[in-house]
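The sequence shown begins at 854 in the numbering used here and counts up by one.
These notes concern the structure reproduced below.
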Amino acid sequence: MTNQPMPGTTAPPRPGPTLRCIISEAAIEGAVADLGRRISDDYRGKPLTLLGVLTGSIIFVADLMRQINLPHKLGLLQASSYRGSETTPGPLTLNLDLLPDVRGRDVLLVDDILDTGRTMQRLMQEIRDRGAMSVRCAVLLWKKSRAVVDLQPDYFGFEIPDEFVVGFGLDYNDDYRHLPYIGVLESRE
Ligand code: IMP
Ligand code: MG
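What follows is the structure, given as structure tokens:
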């Protein structure tokens, strides 16, 4: 008797997901510098608080704040509407435990992407309800064609087509956030 597998019992190797870069690291760097300049001009002399939306905004907000040459505070909150390997939004879960006092502050919410817009619309209302002086939003990416609510980003880096993207903080099943560029995941397991 040999130890050969029975014919037909081993699965053929499956190709892994492939990534197609649509926004390079250099292009992101340029866009973040532009946004930083505009935000610095717009908020000069104002009590600015950046509020990063965890988890997807961490890389964008860290880079953006270093391009804002004004004193400002940083707060964080958590929002998630994706479950595991799903790429369509599920119910929105918010965690505001880390939120600083925003009363009297000019708040700029910072997220990775504006997709349907539901997350940002809800967050902006929560922050207004907590007494902020003004509330605006900045996103790196805007999937304009997917909007289901009447909300345009006050600041955005790139408008992108309706494709599922990863990198620079954006994930698929909590992976790929570390990529320094934005890529489309061509085939997923
Ligand atoms: P919205 O409420 O539909 O605007 O969803 C916004 C959130 O969905 C973002 O903060 C992202 O975390 C996630 N999201 C939307 N589109 C993508 C994508 O293409 N790749 C990864 N995450 C996405
Ligand atoms: Mg997110």
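Cβ atoms here follow ideal geometry from the backbone N, Cα and C, with glycine treated the same way.
Small disclaimer: the values here were computed from a predicted structure and weren't measured.
Fill in: Alpha-carbon to alpha-carbon, A991 and I892
9 angstroms
Practice prompt. Kindly confirm or deny that the stretch 917-926 and the stretch 1012-1032 touch, where touching means at least three C-beta pairs closer than 8 angstroms.
Written response: In short, these stretches do not touch, since the Cβ pair count stays below three.
Discussion item. Spatial neighbours of G970 within its chain, please: C-beta separation below 6 angstroms, excluding the five flanking residues on both sides.
Written reply: A1000, V1002 and L1004
Worksheet item: Taking 8 angstroms as the line, does the beta carbon of G909 fall inside it for any heavy atom of the ligand IMP?
Response: yes
Worksheet entry | Neighbourhood of P1033 by C-beta distance below 6 angstroms, restricted to the same chain and skipping five residues each side | Apart from sequence neighbours up to five positions away, the residues of its chain that approach P1033 with a beta-carbon distance below 6 angstroms are E878, ordered along the chain.
Worksheet item: If you draw a straight line from the C-alpha of D982 to the C-alpha of V906, how long is it?
Response: 17 angstroms
Practice prompt. Return the Cβ separation of D806 and S910 in integer angstroms, given the expectation that the two are a contact with Cβ distance under 8 angstroms.
Written response: Nothing in the structure corresponds to residue 806, since the chain is present only between 854 and 1042.
Discussion item. Is L945 close to the ligand IMP? I mean its beta-carbon at under 8 angstroms from any heavy atom of the ligand.
Written reply: yes
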